[in-house]
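A.B. asks: When we follow the numbering used here, the leftmost residue of the sequence shown carries the number 933, and every step to the right adds one.
Built from N, CA and C at the ideal position, the CB exists for glycine as well.
All of these numbers come straight from a predicted model, not from anything done at the bench.
The following block contains the structure, expressed as structure tokens.
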Amino acid sequence: MATHYTKFDNAKKDQYTILVPGMLPIHFRLLKPTFEQSGYHIEVLANESEQVKEEGLAHVHNDTCYPALLVIGQFIDALKSGKYDLNKVALVITQTAGGCRASNYLSLLRKALQMEGWEHIPCLSVNFSGLEKDSGLKFTMPMLLRVLYCVLYGDALMWLKNQVMPYELHAGDTEKVIDEIVEYLKKELAGQGYRKSKKIYKMMIDRMKAVPRSNEPKIRVGIVGEIYMKYSPLGNHHLEDYLMQEGFEPVVTGVMDFGLYCIENGIIDYEYYHRHAKTHTFFSLAKSLIMRMQKTFEEAVKKDGTFRAPEDFNQVIRDGKGFIDQGVKMGEGWLLTSEVVSLVKNGVNNIISAQPFGCLPNHIVAKGMVRRIKEAYPNANIVAIDYDPSASKVNQENRIRLMLANAKLNAQ
């Protein structure tokens, strides 16, 4: 039986509370007021109880992608909480439209709503691939520009946070500074000040380096993997916090790199298969623009000299060549392997690959590439951690602890 669904009426957007599944704690705090400035009332979900997983299992087959199960479970749990008027609520997710189960999330979500008799609740798709043309947010150029800066500033704050928080002398100092920076950025995003990126990055660096911290050296541990599992605290059991509690420094590259990966794939499709002939120039221009914007932060960090700068994305691309072909584009594709190699080349030998159990693309580009990478870099200490509704958190942490123990031995 076909699943019928209600389309979102953008003309009545101010009447709806739009629920967003939690994934990027810093980024979404910046994105929320940006969307509200365009008339969308956004609420980012923070419910992480065991009931989220139980609702996911009740509404999604347990063989389905774990991120889909968690996202849908988080939505259903929120809708059952009594906090929202079910006649004035909508749900939104992102879609990549790639060869991945993630491209089916919206259909699975609508089916879950149908199971509860909530077919009237609209579901929106944020994508730039032509999916759900009649049921998505309406982006204007000023809105797109603000969103772009939100992601860039979120990446910068996340990058600096992970170099400060593990070393802070007084617990909570880093979070306090982040809160202050976020509030400042919200005001700038309401006007035109957000475009003064050099000034903003300098402010971020100055505020973060003023946090009192120890000089105790700590082993760095990179986190890569499927995009939701890599960034979502709900998905990876607060992996960044866990590594800090164990005395390590997490290294997490920015989500904008994934956006550049998607753009680069459009360029690759043209070079390999002569697809996207009409949009090839746009892809190239978009890549060049975003990388110049990223470069502003890289140069600010290098000029100050206090923190390590993120790797240039063109270098990340080059690092993966010789290990994996760029024609491998399913899931995180060649990007995941490239990120691992880039991390190892920059002295981050210890890496956790967070992936949903049964995610074929990630098994190939993560687990499948470990041996090849270790042949070139014998000191690489890589572990793939599978996340699944039936997987034990204790077993996952035990596997991570074993990797961390090896990291300590290798550091001696």
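Out of ILE1053, LEU1089 and VAL992, which has the shortest C-alpha to C-alpha gap to TYR1037?
C.D. replies: Here residue 1037 refers to the residue found at position 105 of the sequence shown. Of ILE1053, LEU1089 and VAL992, the residue nearest in Cα terms is VAL992.
A.B. asks: Taking the straight line between their C-alpha atoms, what separation do you get for TYR1160 and GLY971?
C.D. replies: Residue 1160 sits at position 228 when you count from the first residue of the sequence shown. Residue 971 sits at position 39 when you count from the first residue of the sequence shown. TYR1160 and GLY971: Cα-Cα distance of roughly 27 Å.
A.B. asks: On a CA-only basis, which of GLY1252, LEU1121 and GLU1264 is nearest VAL1083? Give me that one, please.
C.D. replies: If you number the sequence shown from 1, residue 1083 lands on position 151. Answer by Cα proximity: LEU1121.
A.B. asks: To the nearest angstrom, how far is the alpha carbon of ARG1224 from that of GLU1231?
C.D. replies: Position 292 of the sequence shown, counting from 1, holds the residue named residue 1224. Position 299 of the sequence shown, counting from 1, holds the residue named residue 1231. The straight-line gap from Cα to Cα measures roughly 10 Å.
A.B. asks: Excluding the 5 residues flanking ALA1343 on each side, which residues of the same chain have their C-beta closer than 7 Å to its C-beta?
C.D. replies: By 1-based counting over the sequence shown, the position of residue 1343 is 411. Closer than 7 Å at Cβ, skipping near neighbours: ILE1151.
A.B. asks: Which complete beta strand (DSSP E) runs does the region 1257-1308 hold, if anything under 3 residues is left out?
C.D. replies: DSSP runs (the beta strand (DSSP E)) wholly in the region 1257-1308: 1282-1288.
A.B. asks: Which residue marks the beginning of the alpha helix (DSSP H) containing LEU1069, and which one marks its end?
C.D. replies: Residue numbering aside, residue 1069 sits at position 137 when the sequence shown is read from its first letter. Per DSSP, LEU1069 belongs to no alpha helix (DSSP H) and is neither H nor E.
A.B. asks: Helix or strand or just coil, what does DSSP make of HIS973?
C.D. replies: If you number the sequence shown from 1, residue 973 lands on position 41. Three-state result, HIS973: strand.
A.B. asks: Report, in whole angstroms, the separation of the C-beta atoms of ARG1145 and VAL1109, which I expect to be a contact under 8 Å.
C.D. replies: Working through the sequence shown from its first residue, we reach residue 1145 at position 213. Working through the sequence shown from its first residue, we reach residue 1109 at position 177. With 8 Å as the limit, ARG1145 and VAL1109 do not qualify as a contact, their Cβ atoms being about 11 Å apart.
A.B. asks: To the nearest angstrom, report how far apart LEU1221 and GLY1198 are at their CA atoms.
C.D. replies: Your numbering for residue 1221 matches position 289 in the sequence shown. Your numbering for residue 1198 matches position 266 in the sequence shown. Rounded to whole angstroms, LEU1221 to GLY1198 spans 15 Å at the Cα level.
A.B. asks: Please identify the residue among THR1238, PRO965 and GLU1051 whose C-alpha is closest to the C-alpha of GLY1123.
C.D. replies: Here the question's residue 1123 lines up with position 191 in the sequence shown. Of the listed residues, the one whose Cα sits closest to GLY1123 is PRO965.
A.B. asks: Report yes if the C-beta distance between TYR1133 and PHE1229 is below 7 Å; otherwise report no.
C.D. replies: Start at 1 with the first residue of the sequence shown, and residue 1133 comes out as number 201. Start at 1 with the first residue of the sequence shown, and residue 1229 comes out as number 297. Their beta carbons are under 7 Å apart, which means TYR1133 touches PHE1229 by this criterion.
A.B. asks: Kindly indicate which residue of PRO1182, THR949, ASN1281 and THR1072 has the alpha-carbon position closest to the one of PRO1098.
C.D. replies: The residue labelled residue 1098 in the question sits at position 166 within the sequence shown. Selected option, being the one with the closest Cα: PRO1182.
A.B. asks: Under DSSP, the alpha helix (DSSP H) around GLY988 begins and ends at which residues?
C.D. replies: Working through the sequence shown from its first residue, we reach residue 988 at position 56. GLY988 -> alpha helix (DSSP H) spans 982-991.
A.B. asks: Which stretch, first to last residue, makes up the alpha helix (DSSP H) that contains ILE1249?
C.D. replies: As a first step, residue 1249 must be located in the sequence shown, where it is residue number 317. From DSSP, the alpha helix (DSSP H) with ILE1249 extends over 1245-1252.
A.B. asks: Please classify ARG1303: is it buried, with 16 or more other beta-carbons within 10 angstroms of its beta-carbon, or exposed?
C.D. replies: On the sequence shown, position 371 is the one that residue 1303 refers to. With fewer than 16 Cβ atoms within 10 Å of its Cβ, ARG1303 is classed as exposed.
A.B. asks: Should GLY1252 go down as buried or exposed, given a rule of 16 or more other Cβ atoms within 10 Å for buried?
C.D. replies: Against the sequence shown, residue 1252 aligns to sequence position 320. By the 10 Å Cβ count, GLY1252 comes out buried.
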